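Protein chains in written order, with this note's numbering: chain R, 4 to 679; chain Z, -9 to 305; chain X, 29 to 323.
Ideal Cβ positions, reconstructed from N, Cα and C, are used throughout, including at glycine.
Computed from a predicted structure; not experimentally measured.
Okay, structure first, notes after.
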Amino acid sequence: MHNSILHVQDFSLGYRNRAGDLVSVLRHINLEIRQGESIGLVGESGCGKSTLALAMMAFLRGGSEVISGQIDFHGGNLFTLSSAKLASLRGGKVGLIPQNAGQSLTPTMKIEAQLTEALRLHSNVPSKQWRQRAIELLQQVRLPAPEAMLARYPHQLSGGQQQRVAIAMALAGNPELLVLDEPTTGLDVTTQAHILELLRSLRLEMGMTMVFVSHDLGAVARISDRIAVMYAGEIIELGRCADVLRTPAHPYTQSLLRAIPRLDAKGLPPSLAGYPPKVGSVTQGCAFAARCQHATGQCQQDAQLLPHKEQWVRCHHVGQLPASNTVVSHLVPPTKQNADTLLDIRELQISYHKPGFFEQLRNRPAPVATVDDIDLTLKQGQTLALVGESGSGKSTIMKAISGIQTPSQGQIQLQQADLNQPVEKRDRQLKRKVQMIFQNPDASLNPRHTVLEILQQPLRLYFGLNNTECRQRAAELLQLVRLAPHYLDRMPGQLSGGEKQRVAIARCFAGDPELVLCDEVTSALDVSVQAAVLKLLKELQQEKGVTYLFIAHDLAVVKALADEVAVLYQGRLCQVGSVEAVFGGYQHPYTCALLNAVLQPDPDHAPQLCGDDTAEQHPPAQGCAYQRRCTLAEPRCRQATPPWQQVGGNRIRCHLSLDELSSRNGMPMLIDAANF
Amino acid sequence: MIKLILQRLALAFLTLATVCVLVFGVTEALPGDVCTAFLGRDAQGTRLENCRQQRNLDQPALQRFATWSAGVFQGDLGTSLKRDKPINDLVANRMRNTAALGLGAALIGIPMAILLGVLAALRRDRTPDMVISGGSIFAMTIPEFVTATLLIYIFAIQLQWFPAITTVRHSAPLSELIPNIILPMVTLALVMMAHILRMVRSSMIDVMASDFVQMARLKGVPYWRIVFIHALPSAMLPAINIIALTIAWLLGGVVIIEQVFNYPGIGTLMIRAIYDRDLPLVQAIALILAAVYVLCNLLADLASLALNPRLRSAR
Amino acid sequence: MTAITAPVATHPNSPRWQQAWQNMRRSTSGMIGLAVLLLHLVAAAIGQWLAPHDWTLQNGYIMFQTPSTEYWFGTDNLGRDLFSRTLIGGKEAITITLLGTLLAMVWGSLAGITLGFIGGKTDEWLMRFVDALLAIPWLLFLLLIIALVGQSGLTLVLTLGFFYGIAVIRVVRGATLEYVPKDFVLAAKTRGESKFTIVTKELLPNVLDALLVEAAMRWAWMLLAFSSLSFLGFGVVPPTPDWGLMIADNRGMISIAPWAVLFPALALSSLIISINLTADAFAKAIGLDRAKAPV
């Protein structure tokens, strides 16, 4: 038996709402964390995983209070410590790596000041060696040029660099226990893979105990020995990582794992009904019962967390459930073949730079365009996905198509109509034909309008309907997105994330569009809700024959939904082709790097790191856009723009021949985490 | 960095130039002219003619503006109508007196305001906050002349600690103003403090709820270090520009306070100039006060440059 | 994060204003403020019929009477009843400043929203101009115009309204800028809505809160300015009673008759404080931070 380092005993936590009622956030949590192990806390938003992790540092958010139980660190209750002892514990023996390092570093202090502060407070390093030690720490987290880094402010670093600095800061106190609160959320895929590998190797080197909080089962699978699955403030399943992922026992874990889109499966994953419950809304019985297909009357009573085979499971029916495969047959809808071209983009170039008066006088050369040389066609009724990391120009292209960013060169055509003109110059029919769905429904729905008012706007604008007609049509639209008509009088603030996104989709379909631009439409949603929204989008496409231009950073989502994929780097196309070809055939080095970095909820899957993850500010002036990060780059890549090479419907822009690509990509420059 | 400072300086200069145009423009646009306003009912016959000739009113407006603004930029504010003296001589000492009053109030008021604002934010909705915020509402909303009158009643009439009104001449050395300056300075400092501390309080509350302050707590940084090293610089950023605007707004208050205490500053001169309808003098004072405002804004801009690394260095 | 901030206690379908009123009722200072404010409005509206004495009647025999059952607030330097004068001494101020506030809000917020929405170079240059206008000290500006045009109610309403509207532009533009980059505005743009629709349907409902609070602030400030003008003798024409003027008139005799200064001062201060308390409580009730508004 291992030594326990942290022991959570019957821990319940809640806060008082405005009416003075106690709303419970965590209910009767029992968890023992052993020396040297890494435990993953997973669950969807609002399940209490972050709250639990922060409680392990005796940190309660404003207004929260402990209802019952305690958390012991090395046998002592954390909540009875004096504030001085607590301060020396936090950042010392227990370190935190926060979710958003960019906002968690003090913006007005240089990196050096923040690192030396940690050293001064939590280490025995004499003041003369602080600087030296700070440099060592930055080297330990594999930051290039650590001395230069010290003199910078947080905003001068990229997201990945900020996260590394945050890790270095936690390491400064020589922690025994490291709490990681969604440390890779919001980072690009390749950066995320790098940070995860760094954390893995640090753990091996230093033998730290880790609590890893994440909504991403793929990330958790990569780093945890054990997994605790949380739902509505309870741990509902607990066990070894491989066991939970391979043979989930709780119906929630089963359906959650099924709902995750996977690279190795075809089509859409099966979706879960309903939405996660609001915090504190479940007080009695199994919280998942409302969404569970196996629920019976018994589920109205509280279930206990009981051992079942290798795991601990909180379910009345455990053992009586049908065996679950994590990968089940996915819904594979037929796609239309030989359709007409709907959208045609030719030699598109977009530049945000407008030369000022003085620059024109001095005749300075304009900086390199943000997006350049884009050729794409999109057939009616199909889905084209634009793929790439942040700054790859995906959104810029979408803005140009929707008419709020004027292209500097090139042609965009929707059938015969010219889409180069800004939206205000387009006629009403053309406006109607191109609609957009945004990433975050919280931001894209006006918080002061009711659902009816939101749906009314396009109906009035495009069809000039009167009030009764609007209400009638709006109710139909809600039905189209599987929402009941009584939602018409709700405000967006009263809806859950998934419901809001459905309203946004209804608004988009109010115009009866032909081309729908989907900007990361599911990335703000929980996994269990995402699958249902993806399914809805696919069904709507079949029903209405609309064409989607889809932006997503999650390649598994792309694989599930798209027919065609275009890979972008720094505003230039690297590869265009059918989903099968891009994911399974010849690959551009960048496509390969992206795919290798993808995490899967599979204990055996390991991402491979190709090249480094340094973010770039500008595309290079000449040569291949990907030259600086490409592990296969040759001198000619820096001088000449690579040619397009074509096999079937798969176009790759690279100097290397297809054979070279396939042989060298087949064995990517595998950078082993241990000797990176 | 230097480029940014130069940019700010250029902007300040531009604002002042615009103010020049506005001040001149307003007097031109409104009915009557400098002489009719000054002479009032006597504005007729030879007196009016003489006045107009003396003031070159027969010249076109643009030409007069050119002469006037050229003078202003060489530091010559023109001649007073009523006193028939160079405005520069009239203004110099009074400007010094007002500056002493304003700077004194700022030196007491601003640090106090920041301290109290931080304290109120940290003890939000508890007794210290209630007292400080409540007090600031009173100090902010009660008109300056009422506050001043009350202070006079208590400290000058009842307690007889300070003189009720100033009887010192404007040209007297600053040291002679010492007992007289205290009550006006306190009045001004009170109002100034109230505005600034409210701003600091609200901004501090925001910053204390931010991710990096929570993180600093979870890094085990001691409380007072969090407050003053991690949080306060960020909290001061949005506050600074508002503080500058408020101080400028309070310039109007200075005029009233000086009037109540009969303090020999630029404010009393201004009121007298208005009573006398001495437009050239009014224009000159408007320009001077606008310059003070622009200077305050400039200082605020420079202070935010110093505090905000984002402004100083692009990524 | 989401756990605590999620609005669990929102009653479904309860209108926002009803919710705001519920919240506001919980604030003691807000309710006191509102009560005092209403009292002042009533006094201004019907005070002239309630006054026990003729407020212009001078009587040399009863100069500086101490407060008594006959003269509740005592009498002033000319032997006029101070209670009657105080009762209606706010009428002029309240009427003029309310009209001025209305004017300032209308033109200031229209210009502010438009500037914020247009953005770009036009906005930048016009804001420079607005800044320059703000650089002219307000009191001097008002005094200058009054000195040239003469003092009348209309002049005061127009000048106060114009000048305070400039400050409103800044605030409203700031509030608008906060919403312009939001996706729902972008959504309306991509949908092809007209600029007018975007301003009125998308932006206006969102800045309305800020506007209401701003209006209250402006009103309080304008009352301050108006009373300062009166105090200097540029506001109300005597013998119409006005608090600022009354304080100025009786200030010299404060050692003999402090009540003659005290009561108008109390009336004036309580009005402005009550506006502030009400606005503060209202802002808090709808979740706005009032101290953010510049000036």
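Any non-hydrogen atom of the ligand GTP closer than 7 Å to residue i Cβ
i        : result
Z:Ala263 : Among the components of this structure there are no ligands whatsoever, and the ligand GTP is therefore not found.
Run of the beta strand (DSSP E) containing residue i, from where it starts to where it stops
i        : result
R:Ile407 : Looking at the DSSP string, R:Ile407 is not in any beta strand (DSSP E), and its letter there is neither H nor E.
R:Tyr551 : 550 to 554
Z:Gln64  : Neither: Z:Gln64 is in no beta strand (DSSP E) and is coded neither H nor E.
R:Thr212 : 212 to 217
Z:Gly92  : Counting along the chain, Z:Gly92 falls outside any beta strand (DSSP E), though it belongs to the alpha helix (DSSP H) covering 77 to 112.
R:Met439 : 437 to 440
Span of the alpha helix (DSSP H) around residue i
i        : result
Z:Ser70  : No alpha helix (DSSP H) holds Z:Ser70; DSSP gives it neither H nor E.
X:Val264 : From DSSP, X:Val264 is part of no alpha helix (DSSP H); its letter is neither H nor E.
R:Ala70  : It should be noted that the sequence gives Ile, not Ala, for residue 70 of chain R. Taken as a continuous stretch (DSSP letters only), R:Ile70 belongs to no alpha helix (DSSP H), being part of the beta strand (DSSP E) at 67 to 76.
X:Gly181 : 181 to 207
R:Met233 : Counting along the chain, R:Met233 falls outside any alpha helix (DSSP H), though it belongs to the beta strand (DSSP E) covering 229 to 234.
R:Ser53  : 52 to 58
Pair within 8 Å by beta-carbon distance, residue i and residue j
i        : j        : result
R:Lys397 : R:Leu387 : no
R:His658 : R:Cys627 : yes
R:Leu455 : R:Asp492 : yes
Z:Leu227 : Z:Ser294 : yes
R:Val28  : R:Ser67  : yes
R:Leu108 : R:Pro157 : yes
R:Arg429 : R:Pro516 : no
X:Leu188 : X:Thr125 : yes
R:Ala245 : R:Gln314 : no
Inter-residue spacing [alpha-carbon to alpha-carbon] between residue i and residue j
i        : j         : result
X:Ala309 : R:Asp445  : 27 Å
R:Leu260 : R:Ser581  : 27 Å
R:Ala292 : R:Pro495  : 26 Å
X:Ile282 : Z:Val197  : 47 Å
Z:Leu1   : Z:Ile172  : 36 Å
R:Pro186 : Z:Thr177  : 53 Å
X:Leu127 : X:Leu69   : 14 Å
R:Cys50  : X:Met245  : 42 Å
Z:Leu306 : Z:Leu97   : In the structure as shown, chain Z begins at -9 and stops at 305. Residue 306 of chain Z is therefore absent and cannot be evaluated.
Z:Ala304 : R:Gln166  : Note that Z:Ala304 scores 49 on pLDDT, short of 50, meaning its location in the model is unreliable and no value can be drawn from it.
R:Gly391 : R:His591  : 13 Å
X:Asn51  : Z:Lys(-7) : 50 Å
X:Phe254 : R:Gly23   : 45 Å
Z:Leu112 : Z:Ser123  : 12 Å
R:Leu518 : R:Gln438  : 6 Å
R:Asp305 : R:Gly288  : 4 Å
R:Gln38  : R:Ser7    : 6 Å
X:Leu66  : X:Trp49   : 16 Å
Neighbour-count burial assignment, residue i, 16 or more Cβ in a 10 Å radius
i        : result
Z:Arg267 : buried
X:Leu115 : buried
Z:Ile168 : exposed
R:Arg575 : buried
X:Gly178 : exposed
X:Leu251 : buried
X:Pro266 : exposed
R:Gly587 : exposed
X:Phe145 : buried
Does the segment 497 to 506 of chain R come into contact with the segment 373 to 387 of chain R, if we say contact requires no fewer than three beta-carbon pairs (one atom in each stretch) closer than 8 Å? no
Specify whether the segment 221 to 239 of chain X and the segment 215 to 229 of chain Z touch according to this definition: at least 3 beta carbon pairs, one from each stretch, less than 8 Å apart. no
Counting pairs of beta carbons, one from the segment 135 to 152 of chain R and one from the segment 40 to 60 of chain R, are three or more of them closer than 8 Å? no
Does the pairing of the segment 559 to 576 of chain R with the segment 263 to 272 of chain R give three or more beta-carbon distances under 8 Å? The segment 559 to 576 of chain R vs the segment 263 to 272 of chain R: in contact.
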